[in-house]
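There are 2 protein chains.
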Amino acid sequence: MPRTTGHTHVTGDPEELHAAAAVRLGADDQRYTSGRRALVELLADAPHPLTVAEVLERNEGLTQSSVYRNLAVLEATGVVDRVVTEDEFARYELAEDLTGHHHHHLICAGCGGVEDFSVPPDLETAMDEVFHKVARRSGFSVGHHRMDIIGWCATCRT
Amino acid sequence: MPRTTGHTHVTGDPEELHAAAAVRLGADDQRYTSGRRALVELLADAPHPLTVAEVLERNEGLTQSSVYRNLAVLEATGVVDRVVTEDEFARYELAEDLTGHHHHHLICAGCGGVEDFSVPPDLETAMDEVFHKVARRSGFSVGHHRMDIIGWCATCRT
DNA sequence: ATTTATGCAAATCGTTTGCAAACCT
DNA sequence: AGGTTTGCAAACGATTTGCATAAAT
Numbered sequence: 001m002p003r004t005t006g007h008t009h010v011t012g013d014p015e016e017l018h019a020a021a022a023v024r025l026g027a028d029d030q031r032y033t034s035g036r037r038a039l040v041e042l043l044a045d046a047p048h049p050l051t052v053a054e055v056l057e058r059n060e061g062l063t064q065s066s067v068y069r070n071l072a073v074l075e076a077t078g079v080v081d082r083v084v085t086e087d088e089f090a091r092y093e094l095a096e097d098l099t100g101h102h103h104h105h106l107i108c109a110g111c112g113g114v115e116d117f118s119v120p121p122d123l124e125t126a127m128d129e130v131f132h133k134v135a136r137r138s139g140f141s142v143g144h145h146r147m148d149i150i151g152w153c154a155t156c157r158t
Numbered sequence: 001m002p003r004t005t006g007h008t009h010v011t012g013d014p015e016e017l018h019a020a021a022a023v024r025l026g027a028d029d030q031r032y033t034s035g036r037r038a039l040v041e042l043l044a045d046a047p048h049p050l051t052v053a054e055v056l057e058r059n060e061g062l063t064q065s066s067v068y069r070n071l072a073v074l075e076a077t078g079v080v081d082r083v084v085t086e087d088e089f090a091r092y093e094l095a096e097d098l099t100g101h102h103h104h105h106l107i108c109a110g111c112g113g114v115e116d117f118s119v120p121p122d123l124e125t126a127m128d129e130v131f132h133k134v135a136r137r138s139g140f141s142v143g144h145h146r147m148d149i150i151g152w153c154a155t156c157r158t
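Residue numbers (my numbering), protein chains in the order written: chain V, 1 to 158; chain G, 1 to 158.
Listed below in structure tokens is the structure:
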């Protein structure tokens, strides 16, 4: 299931977002239940990727195990992306190819906090070409790339 | 303790490598014990970052808990780097600024396998400038960056 | 009705830790 | 001796899973 072609990007309208999510779930015979809709809403509103703990703080009606299960379903259907940081918590955000907003992460090695940023398109393209060339040479197919900064935020710098 | 300046890079001589490791440990009042030396040797010989399980397979004389403890010490003193992939296992390799070999990772989303690659110096520099600019704007200090490819290796492509 | 999702509690598993013995210096 | 490291076994904690109930089609 290629996730980089043929999809409509969501521009910012919540309706459109939910519709797109429903479509992707439906394509995999999955239902867009209230629990899953709640997750998509939380992630759409969050200014950065959320941990499961943060999800549960923001919506106390949700159950931990269902959140884990639903995030797995949403990830498998291309509605959310899992973000790996340096700490032990998985974080989730709306899938890039759903929002159409390609970006990278500033990750704080102290608190695990995450902030988004982008790089100039020409550089992004140049790097992409290198990535594909490198992958081809090694027999890899490119899924996506990570171009993240690991550092210390103003607070954690001590 | 800045880890990007003032250090001598190891070119390939095992003696030099161990000497450099000993120096870094000593700077933090840590001893270069046989268990730690064994880890450095394993990582120096490995063609890719190793998980703890792989370390234990390659040297059955080592104990799991000591391996974890020693990897933590080696990481804190800048002798090894922890590599975060998409799977649940931490991987370790000799620190970049110890080997002087800056590189990136091709990570297989299927088996978690890791392969190294580098990008042209001019691109690396251009990206670095962007990273520093972005970080400054957000009040972050840059530790290091990740520019990794997540994909599927020839075997896992199915 | 039948299939799928949920909530609770228990299990999983990589990693961490307490403590006594072994090791350095 | 005095402090550090090690090995074993027990503890931790994020995530997963079994199973009975609730919800959706």
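Built from N, CA and C at the ideal position, the CB exists for glycine as well.
- Put simply, the region 121-138 of chain V does not touch the region 72-87 of chain V. Fewer than three CB pairs are less than 8 Å apart.
- Per the C-alpha coordinates, the member of G/D87, G/A38, G/L43, G/P47 positioned closest to G/S66 is G/A38.
- Against chain V, the beta carbon of G/C153 has neighbours under 7 Å at G139, F140, listed in chain order.
- Any Cβ of chain V closer than 8 Å to the Cβ of G/D28 would place that residue at the interface, and such an atom is absent.
- Closest option to G/L17, judged by alpha-carbon separation, among G/T51, G/S141, G/L94, G/Q30: G/L94.
- Across the structure, V/E75 and V/M147 are spaced so that their CA atoms are roughly 20 Å apart.
- Secondary structure remark: continuous beta strand (DSSP E) runs of at least 3 residues inside the region 1-60 of chain V: none found.
- A distance below 8 Å separates the beta carbons of G/A22 and G/Y32.
- For G/E86, the chain V residues whose C-beta falls within less than 9 Å of its own C-beta are R82, V84, listed in chain order.
- The DSSP-derived three-state label of G/V142 is strand.
- G/D128 sits in a helix when the DSSP states are folded into three classes.
- The CB of V/A46 never comes closer than 9 Å to any CB in chain G; the least such distance is about 17 Å.
- Assignment of G/L62 by DSSP, reduced to helix, strand and coil, places it in the coil class.
- By the beta-carbon neighbour count (other beta carbons within 10 angstroms, threshold 16), G/G113 is buried.
- Contact with chain V is found for G/F131, since one of that chain's Cβ atoms lies less than 8 Å from the residue's Cβ.
- Here V/D97 is buried: its Cβ has 16 or more other Cβ atoms, across all protein chains shown, within 10 Å.
- Taking 8 Å as the Cβ-Cβ cut-off, the region 98-110 of chain G approaches chain V at L106, C108, A109, given in chain order.
- The beta-carbon of G/G143 is placed less than 8 Å from the nearest beta-carbon of chain V.
- For G/D116, the enclosing beta strand (DSSP E) starts and ends at 114-117.
- With contacts defined by Cβ atoms closer than 8 Å, V/H102 and G/I149 do not form a contacting pair.
- Under the three-state reduction of DSSP output, G/V134 falls in the helix class.
- In the structure shown, V/V73 falls within a helical segment according to DSSP collapsed to helix, strand and coil.
- The criterion of a C-beta distance shorter than 8 Å is satisfied by V/G143 and G/A109.
- The secondary-structure analysis by DSSP pairs V/Y68 with nothing; it has no beta-bridge partner.
- Using a CB distance below 9 Å, the part of the region 115-131 of chain V facing chain G consists of E115, F117, S118, V119, P120, L123, A126, M127, V130, F131, ordered along the chain.
- With its beta carbon at least 8 Å from every one in chain V, G/V73 lies outside the interface.
- The DSSP-derived three-state label of V/E96 is helix.
- Bridge pairing for V/L123: absent [DSSP].
- Residues L42 of the same chain have their beta carbon placed closer than 7 Å to that of V/R58, with the five preceding and five following residues left out of the count.
- As far as DSSP is concerned, G/C153 takes part in no beta bridge.
- The C-beta of V/R69 comes no closer than 8 Å to any C-beta of chain G.
- For G/D81, the enclosing beta strand (DSSP E) stretches over residues 80-83.
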